[in-house]
Ligand SMILES: Cc1cc2nc3c(=O)[nH]c(=O)nc-3n(C[C@H](O)[C@H](O)[C@H](O)COP(=O)(O)OP(=O)(O)OC[C@H]3O[C@@H](n4cnc5c(N)ncnc54)[C@H](O)[C@@H]3O)c2cc1C
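Numbering (the working numbering), first residue to last: 700 to 967.
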């Protein structure tokens, strides 16, 4: 329907690179149109699809995959505050006492937009679910927020995107670099990352994502974020050290600091 494929999670450039990879694999892509009718000659059998411009495509199977929409029919009558999903606060609490929501059905805090929106991916469902569960069990826990993020590899092309994939207005800065299918783009606002799209060479996208999640000021090394050799070495000392040391909560109970490396006898 839209101008390019995967338009909610990829910008136009990354969408065209993916379309190219699919084209090379023999997939014929039609954009800017939708199916107006599914045709059938025999009961229970599909014979083709008629597009909105009248074109007829013969086929034996139709797969419909047109996005995610929470099923709110069970709650609309309840009076709970809903928008595109069930609206929840930072405790994942809905608008009525003792009611919590999380996962795809919840419209929860997005740390990039600084407000609520649907971000229907598994890590956000997991994190929001944990916070909802803790609060329901009597502990106070706050959802730090999630954002849109996707990692795909269709027809051999690695793609990672997170946060915004296109700047919504002029207050954002975009830095891009493209060599063949290695395309990197970061979106910044006030020196802090608001989005990223990496295709082909995605190896360092995790570092960029974490800088975005931590709200780090990247203004002094913003151009390096899309460089071929970008890595932890580009980060200022304080940011680099924080990323090299294992946080105590990640180390688990009883373990403080880094584990000693295993010493292997020479020859083994
Ligand atoms: C094809 C596909 C691919 C995906 N790929 C990825 C991916 O690669 N990475 C990623 O992070 N996320 C991915 N997702 C999204 C991810 O699956 C969801 O974000 C996650 O499952 C949301 O968890 P949830 O518990 O909110 O909802 P769900 O996992 O949908 O669980 C909701 C459950 O509620 C049940 N239910 C519904 N109505 C009722 C009712 N009235 N009574 C009782 N039970 C009911 C349903 O049967 C279901 O079991 C993908 C989703 C799809 C559909």
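Note that CB positions come from ideal geometry on N, CA and C, so glycine has one too.
Just to confirm before moving on: does the CB-CB distance between residue 923 and residue 894 stay below 8 Å? Residue 894 sits away from residue 923, with the two beta carbons spaced by 8 Å or more.
Could you tell me whether the Cβ atoms of residue 808 and residue 844 are closer together than 8 Å? The answer is yes: Cβ separation under 8 Å.
Assuming residue 791 and residue 827 are in contact, meaning their beta carbons sit under 8 Å apart, how far apart are those beta carbons, in whole angstroms? 5 Å between Cβ atoms; contact.
By DSSP, does residue 939 sit in helix, in strand, or in coil? Helix at residue 939.
Is the distance from the Cβ of residue 825 to the Cβ of residue 721 below 8 Å? Against a cut-off of 8 Å, the Cβ pair of residue 721 and residue 825 comes out as no contact.
Using only CA atoms, which one of 898, 934, 933 and 838 lies nearest to residue 717? The residue among 898, 934, 933 and 838 with its C-alpha nearest the C-alpha of residue 717 is 898.
Contacting residues, own chain, Cβ-Cβ under 6 Å from residue 755 (five flanking each side not counted): Annotation for residue 755: 747 and 749 place their beta carbon closer than 6 Å to its own, counting only its chain and skipping 5 residues before and after.
With DSSP collapsed to three states, give me the class of residue 885. Strand.
Which residue marks the beginning of the beta strand (DSSP E) containing residue 851, and which one marks its end? Element bounds for residue 851: 848-853.
Straight-line gap, residue 806 to residue 787 (C-alpha atoms, nearest Å): Approximately 6 Å between the Cα atoms of the pair.
Between which two residues does the alpha helix (DSSP H) carrying residue 830 extend? For residue 830, the uninterrupted alpha helix (DSSP H) segment begins and ends at 821-835.
In chain order, what are the residues with a CB under 5 Å from some non-hydrogen atom of ligand 1? Any heavy atom of ligand 1 within less than 5 Å of a residue's beta carbon puts that residue on the list, which reads 802, 803, 819, 820, 821 and 824.
For a test of the three-state rule: what should DSSP assign to residue 894, helix, strand or coil? It is a strand residue.
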